[in-house]
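When you line the sequence shown up against this note's numbering, it's residues 6 to 208, in that order. Even for Gly, the Cβ is constructed at its ideal location relative to N, Cα and C. First the structure, in the form of structure tokens, and then the observations on it.
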Amino acid sequence: ADAQEIAAAALTALNLNMLDAPVSGGAVKAAQGEMTVMASGSEAAFTRLKPVLDAVASNVYRISDTPGAGSTVKIIHQLLAGVHIAAAAEAMALAARAGIPLDVMYDVVTHAAGNSWMFENRMQHVVDGDYTPRSAVDIFVKDLGLVADTAKALRFPLPLASTALNMFTSASNAGYGKEDDSAVIKIFSGITLPGVTPEEPSC
């Protein structure tokens, strides 16, 4: 049994309920009360705590009776989030290398089939040259590390997630760990980015 199952069993023995309820949405949606909650635990715990969850989230999902399932769903979600950002950065880096104005590339993609919420949100930071952290590179080093740990435990290959983890790790190693996660684009050499001076470190 994993730590969450052991903790849940111990709490049950004390007649206490445990609800595993990670969230997604970031600081902006948290402030608006529009997060997404992925909860797992007993029906009694979920029913008792649902008014609290509804107060902070616009989407509340009960995944299963087993604590830990909610965290697994969050980890899988973070796989997608990290890969989306890494792929978006790679695409914008290629555009920069090809001499395509990044604001034009951004406008095209956000009105075409290749768009995603992560592209639209994070690549605006690249276009603006603003790497003020809303979510940092190091957060995705951590989250994609958890993805890798989960896959290893299940003996399941994740080629795209592994590549994204390497990209974020490279960005952190180059000194961008505390910057916005869109700063993963800075690992690409031979390109000019808005707001980025040639003196900044690169790898």
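Let me know the alpha helix (DSSP H) ranges lying completely inside the region 88-168, each 4 residues or longer, listed in chain order. Correct list: 107-114, 122-133, 142-159.
Buried versus exposed, by CB contacts within 10 Å (16 or more), Ala15: As a working note, residue 15 is residue 10 in the sequence shown. Ala15 should be labelled exposed.
Label Asp108 either buried or exposed according to how many other C-beta atoms from any shown protein chain fall within 10 Å of its C-beta, with 16 as the threshold for buried. On the sequence shown, position 103 is the one that residue 108 refers to. With fewer than 16 Cβ atoms within 10 Å of its Cβ, Asp108 is classed as exposed.
Classify Ala6 as buried or exposed, calling it buried when 16 or more other Cβ atoms lie within 10 Å of its own Cβ. Looking up residue 6 in the sequence shown gives position 1. Caution is warranted here: a pLDDT of 47 is assigned to Ala6, below 50, making its placement in the model unreliable, and the coordinate value is therefore given only provisionally. So Ala6 ends up on the exposed side.
Write down the C-beta distance between Phe124 and His89 rounded to the nearest angstrom, noting that I regard them as a contact closer than 8 Å. Against the sequence shown, residue 124 aligns to sequence position 119. Against the sequence shown, residue 89 aligns to sequence position 84. Yes, Phe124 and His89 are in contact; Cβ-Cβ is about 7 Å, under 8 Å.
Collapsed DSSP secondary structure at Thr71 in the structure displayed: The residue labelled residue 71 in the question sits at position 66 within the sequence shown. Residue state, collapsed to three classes: coil.
If you run the structure through DSSP and keep just helix, strand and coil, what is Thr202? Position 197 of the sequence shown, counted from the start, is the residue given in the question as residue 202. Residue state, collapsed to three classes: coil.
Let me check you understand the geometry: is the CB of Asp133 closer than 7 Å to at least one non-hydrogen atom of the ligand ATP? In the structure shown, the ligand ATP is absent, as is every other ligand, since no ligand is present at all.
If you draw a straight line from the C-alpha of Leu85 to the C-alpha of Gly31, how long is it? Here residue 85 refers to the residue found at position 80 of the sequence shown. Here residue 31 refers to the residue found at position 26 of the sequence shown. Straight-line Cα distance between these residues: approximately 15 Å.
Within 8 Å, strictly: CB atoms of Gly134 and Leu198: By 1-based counting over the sequence shown, the position of residue 134 is 129. By 1-based counting over the sequence shown, the position of residue 198 is 193. Taking 8 Å as the Cβ cut-off, Gly134 and Leu198 qualify as a contacting pair.
Cutoff 7 Å; reference Ile68; Cβ partners in own chain excluding five residues on either side: If you number the sequence shown from 1, residue 68 lands on position 63. Scanning its chain for C-beta atoms nearer than 7 Å, with the 5 sequence neighbours on each side dropped, one finds around Ile68 the residues Met43, Ala44, Ser45, Ala74, Gly75, Val78, in chain order.
Which of the three DSSP states is assigned to Lys191 in this structure? Position 186 of the sequence shown, counted from the start, is the residue given in the question as residue 191. In the structure shown, Lys191 sits in a helix (DSSP, three-state: H, G or I).
With a threshold of 16 other CB atoms inside 10 Å of the CB of Pro11, please say whether the residue is buried or exposed. One-based indexing of the sequence shown puts residue 11 at position 6. Sequence check: residue 11 is Ile here, not Pro. Exposed, since its Cβ has fewer than 16 Cβ neighbours within 10 Å.
In terms of DSSP beta bridges, what is Met40 paired with? For the purposes of this step, residue 40 is identified with residue 35 of the sequence shown, where counting begins at 1. DSSP output for Met40 lists Ala62 as bridge partner(s).
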